[in-house]
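Note sheet for the following structure.
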Amino acid sequence: MKIVHFSDPHGGGGAEDFLAYFDKRWVGVFNYTFRRRFKHDLARLGRAVDYILDTKPDVAVCTGDLTSTGQPGEFQRVLEYLKVLRDSKIPLIYLPGNHDCYVRRPKCVSAMRDAVAYLNQGAFVFDDLPVVRRYGDAQFLLVNTSRPSNLLCSWGFLSRGDTEFLERECAKPKLGPRILVAHYPLIEHHPILRTRHRLFGGKEALSLLRSGAIDLSLCGHVHRPYLEIDSTGRGEECAGSVTRNGTIREILWDGAEFHYRTIDL
Ligand SMILES: [Fe+2]
Ligand SMILES: [Fe+2]
Numbered sequence: 022m023k024i025v026h027f028s029d030p031h032g033g034g035g036a037e038d039f040l041a042y043f044d045k046r047w048v049g050v051f052n053y054t055f056r057r058r059f060k061h062d063l064a065r066l067g068r069a070v071d072y073i074l075d076t077k078p079d080v081a082v083c084t085g086d087l088t089s090t091g092q093p094g095e096f097q098r099v100l101e102y103l104k105v106l107r108d109s110k111i112p113l114i115y116l117p118g119n120h121d122c123y124v125r126r127p128k129c130v131s132a133m134r135d136a137v138a139y140l141n142q143g144a145f146v147f148d149d150l151p152v153v154r155r156y157g158d159a160q161f162l163l164v165n166t167s168r169p170s171n172l173l174c175s176w177g178f179l180s181r182g183d184t185e186f187l188e189r190e191c192a193k194p195k196l197g198p199r200i201l202v203a204h205y206p207l208i209e210h211h212p213i214l215r216t217r218h219r220l221f222g223g224k225e226a227l228s229l230l231r232s233g234a235i236d237l238s239l240c241g242h243v244h245r246p247y248l249e250i251d252s253t254g255r256g257e258e259c260a261g262s263v264t265r266n267g268t269i270r271e272i273l274w275d276g277a278e279f280h281y282r283t284i285d286l
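Our numbering puts the first residue of the sequence shown at 22, with every later residue one more than the last.
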């Protein structure tokens, strides 16, 4: 089976209402205006979509951060690029990143929820998470690790309930490769250095990955792509930012091992 994984397009824009200057959005808007917009090129997302439509994988996976500050207009801008993929026959998984869950402002939260329902082609809504989905031979465990955090940090959290869900699913007989999909990486080599950006509560999930109960973790959040895998391709795959690096990852499962191809767009 074939999976195509992309992440972190980070479409952005200016403040969409004056309250944006009074919550965390001003940090994201500032960041986007003076930094991100020079680094992230949405045209690369369009090329990623074209590639996926040509390749016709069993499933396409997007691990979040569609936006920079989670405002409705930003979602709209990025969804225009993804619409043709969403409306195709190719199954699509999307889980929100921390930038998609930036603030608690109701219109931002509902834009994120709408994006989850829309991009997952009606298969589930945000409140259904965590969920299990089957595509091809593989079982996908989908968990949300993103929620609003304070002004200076981009923390992710794996809740007790989500951890219990993973443990429960992993205790069942394995019928194919088990793939965890979340925005945040489980493997962090320098958790102290990454304190401002890291995942909390992921220890048990990491043990499940290390023990082989979970075969593969697909994540984004880190904008430089990486592979932390063993000789059978099991481990963690981070797609990096599609609009920053212009790369996406093709993952092939041959019935015993995972094989990876980095696609340069
Ligand atoms: Fe990101
Ligand atoms: Fe992120």
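For each residue, glycine too, the CB sits at the ideal point set by N, CA and C. Computed from a prediction, not measured in an experiment: that's the story for all the values here.
Minimum C-alpha distance to residue i - residue among the options
i      : options                           : result
Leu150 : Leu106, Pro117 and Gly222         : Pro117
Gly254 : Arg265, Leu239 and Lys104         : Leu239
Ala192 : Thr216, Val153, Ala234 and Pro198 : Ala234
Val130 : Phe161, Gln92, Gly143 and Val152  : Gln92
Trp176 : Phe221, Tyr53 and Cys83           : Phe221
Leu230 : Asp251, Gly241, Ile213 and Arg215 : Asp251
Thr84  : Leu196, His210 and Ile114         : Ile114
Pro206 : Val243, Thr216 and Ile213         : Val243
Asn119 : Tyr72, Trp47 and Gly241           : Gly241
Val82  : Phe55, Leu140 and Leu248          : Leu140
Tyr15  : Phe59, Ala277, Arg282 and Leu162  : In the structure as shown, the chain begins at 22 and stops at 286. Residue 15 is therefore absent and cannot be evaluated.
Phe27  : Asp108, Gly267 and Trp47          : Gly267
Trp47  : Thr90, Asp158, Ile73 and Arg65    : Thr90
Ala277 : Lys224, Asp158 and Thr216         : Asp158
Ser109 : Leu214, Asp75 and Ala132          : Asp75
Arg56  : Gly32, Tyr72 and Arg215           : Gly32
Phe51  : Leu214, Thr216 and Leu173         : Leu173
Rounded distance between the beta-carbons of residue j and residue i, thought under 8 Å
i      : j      : result
Ser167 : His204 : 5 Å
Gly94  : Glu37  : 5 Å
His61  : Arg245 : His61 to Arg245, Cβ: 14 Å. No contact.
Arg270 : Glu258 : 6 Å
Val202 : Asp29  : No, Val202 and Asp29 are not in contact; Cβ-Cβ is about 14 Å, not under 8 Å.
Leu237 : Ile200 : 5 Å
Val70  : Val105 : 6 Å
Arg154 : Asp44  : Not confirmed; about 33 Å, so no contact.
Trp274 : Pro194 : Trp274 to Pro194, Cβ: 18 Å. No contact.
Tyr289 : Leu63  : Since the first residue shown for the chain is 22 and the last is 286, residue 289 is missing from the structure and cannot be characterised.
Gly49  : Arg98  : About 14 Å; that fails the 8 Å criterion.
Span separating the alpha-carbon of residue i from that of residue j
i      : j      : result
Leu40  : Val124 : 11 Å
His218 : Asn171 : 11 Å
Leu187 : Val80  : 21 Å
Glu190 : Pro169 : 27 Å
Ala226 : Phe147 : 21 Å
Pro112 : Phe145 : 12 Å
Phe96  : Thr88  : 6 Å
Arg134 : Lys77  : 26 Å
Ile24  : Ile284 : 12 Å
Gly182 : Ser232 : 20 Å
Tyr42  : Ser180 : 30 Å
Thr54  : Gly67  : 21 Å
Asp121 : Gln142 : 18 Å
His280 : Ile272 : 6 Å
Val164 : Tyr156 : 16 Å
Ala260 : Arg58  : 20 Å
His211 : Gly223 : 14 Å
Arg107 : Arg65  : 17 Å
Leu196 : Met22  : 14 Å
Leu286 : Arg215 : 29 Å
Leu100 : Ile73  : 15 Å
Ile213 : Asp86  : 23 Å
Host alpha helix (DSSP H) of residue i (start-end)
i      : result
Val137 : Pro127 to Leu140
Ala234 : Segment: none, Ala234 is in no alpha helix (DSSP H) and carries neither H nor E.
Phe55  : Note, Phe55: premise wrong, no alpha helix (DSSP H); not H, not E.
Arg332 : With the chain running from 22 to 286 in the structure shown, residue 332 is simply not present.
Leu196 : Element bounds for Leu196: n/a, residue is neither H nor E.
Thr264 : Val263 to Asn266
Host beta strand (DSSP E) of residue i (start-end)
i      : result
Gln160 : Ala159 to Leu163
Val153 : Val152 to Tyr156
Gly256 : Gly256 to Cys259
Val25  : Lys23 to Phe27
Thr283 : Phe279 to Asp285
Ile114 : Leu113 to Tyr115
Glu249 : Tyr247 to Ile250
Self-check item: Continuous alpha helix (DSSP H) assignments of at least 4 residues falling wholly in the stretch 57 to 82
Solution: Contiguous alpha helix (DSSP H) elements confined to the stretch 57 to 82 occur at 64 to 76, taking only those with 4 or more residues.
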